[in-house]
Amino acid sequence: MAVVSQQDPDLKRIQGEIADMLDLKLENGSLVERAQRLRAAMSAILDSKRLLLILADVRQVLDLASIGISSGDGNKRCKVILISQLENVFGEMTTQTNFELLLQSTPGDRAVEFESRISVLRDVMDALTDDESNPIVLCGMGGIGKTTLVMEIGAKASEVELFDEVAIAEFTQEPDLVKIQGKIAKALGLELTADDDRAAKLHERILRGTKRVLVILDNVWTESSSQDELTLWKVGIPISRDLKCCKVLVSSREQDIFKEMKSKKNFPIRGLPQKDAWSLFKKVAGKEVAGRSIECDPELRLIAEQVLKECDGLPVDNYYRWKGTTR
């Protein structure tokens, strides 16, 4: 499964993700050259195997041929499933089958409902009370549910008054430190101006305040683990084992993040067990899709099981509108 995610997606990155999943090696070159090599390699694989390609979080019409994906009636051994939250994103694409799956959210729904996730939540809550653990890192592949968990943990920590203030900011692959500082400052009721030494002012607010602060940094990327602590200080976030007024909770794809800090505590997040993944899929999809029963229709059941297998236990309950198209 490759994640598209951007409004103007990096097609070379998508090519690379598909190649990695197929154990293919794409050399550097133009988009067209890489597409030709990917198409040729996939064609060789299709001589003896069937392929299911899933492109998730599609936000615009994709030219599959420019990526190197052959689809349509001429290629029955390769199926493509496109997933999007946008209602009309596939309007211009010629498709064989459309499924629209709706999930109605209710105020009583729990963000974390499976024992495999509840146990992690419980362990992290315990770590937040441990003075020897800081920072605390939830690590796992993209789409595994890290953001859902840290949001739930933040809400729980505030609810039980473990912390007086909870500040949340997203880092992303190319973090905007000014924007991150602004989000944290706003949560703490601190006003920052362009003329301020923003990092120093934020640092002073957290250190000298009388309240206990939980700073949640979601989706932290890193190229060098030795720079992790330095980046936090650039933002203005104090961090150490002895600091009892501030805890830092991080979600990241990198398990080695902050590895030079002995006080760091890691919590790996893995895919849902098969039973939980199937229960979640049925909850999202409902009992029927386009009038066909997921449980009773062999073809639809097979498609659902293939999707679950390709997703490798990734939870998809955050899609309020999930739309898949097979070509």
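Positions 1026 to 1352 (our numbering) are the ones given, in order, by the sequence shown.
For each residue, glycine too, the CB sits at the ideal point set by N, CA and C.
- A distance below 8 Å separates the beta carbons of Ala-1152 and Ile-1161.
- Ranking Asp-1048, Ser-1276 and Lys-1104 by CA distance to the CA of Leu-1327 puts Lys-1104 first.
- Within the model, the alpha-carbon separation for Glu-1330 versus Ile-1294 is close to 22 Å.
- Taking C-beta atoms as the reference points, Leu-1087 and Leu-1080 count as a pair closer than 8 Å.
- The stretch 1268-1285 and the stretch 1162-1174 touch, with three or more beta-carbon pairs separated by less than 8 Å.
- Leu-1227 is positioned such that its CB atom lies closer than 8 Å to that of Gly-1261.
- Counting along the chain, Leu-1227 sits inside the alpha helix (DSSP H) bounded by residues 1223-1233.
- C-alpha of Ser-1068 to C-alpha of Arg-1059: approximately 14 Å in a straight line.
- Annotation for Thr-1173: the continuous alpha helix (DSSP H) segment containing it runs 1171-1184.
- Distances from the alpha-carbon of Ile-1241 to those of Ala-1219, Glu-1216 and Ala-1210 put Ala-1210 closest.
- Put simply, of Phe-1188, Glu-1157, Asn-1244 and Cys-1270 the residue whose alpha carbon is nearest the alpha carbon of Gly-1234 is Cys-1270.
- Glu-1042 carries a helical assignment under DSSP once its states are collapsed to helix, strand and coil.
- Where Val-1240 is concerned, the enclosing beta strand (DSSP E) starts and stops at 1238-1245.
- In this structure, Thr-1256 is the residue among Thr-1256, Phe-1292, Ser-1091 and Ala-1192 with its C-alpha nearest to the C-alpha of Gln-1198.
- Secondary structure note for Ile-1092: its alpha helix (DSSP H) is the uninterrupted segment 1089-1092.
- Where Ala-1066 is concerned, there is no enclosing beta strand (DSSP E), although the alpha helix (DSSP H) around it starts and stops at 1056-1071.
- DSSP places Lys-1287 outside any alpha helix (DSSP H), giving it a letter other than H or E.
- Residue pairing by DSSP places Cys-1271 opposite Val-1238 in a beta bridge.
- Where Ala-1212 is concerned, the enclosing alpha helix (DSSP H) starts and stops at 1202-1212.
- When Asp-1221, Leu-1217, Ala-1212 and Leu-1239 are compared, the shortest CA-CA separation from Lys-1181 is found for Leu-1239.
- Val-1105 carries a strand assignment under DSSP once its states are collapsed to helix, strand and coil.
- Secondary structure at Glu-1195: strand, using DSSP grouped into helix, strand and coil.
- Contact check for Arg-1102 against Arg-1075 passes: the beta carbons are separated by less than 8 Å.
- The alpha carbon of Glu-1186 has as its nearest neighbour, out of Asn-1244, Lys-1236 and Asp-1048, the alpha carbon of Lys-1236.
- For Val-1162, the enclosing beta strand (DSSP E) stretches over residues 1161-1164.
- Per DSSP, the beta-bridge partners of Glu-1190 are Val-1238.
- As far as DSSP is concerned, Ile-1143 takes part in no beta bridge.
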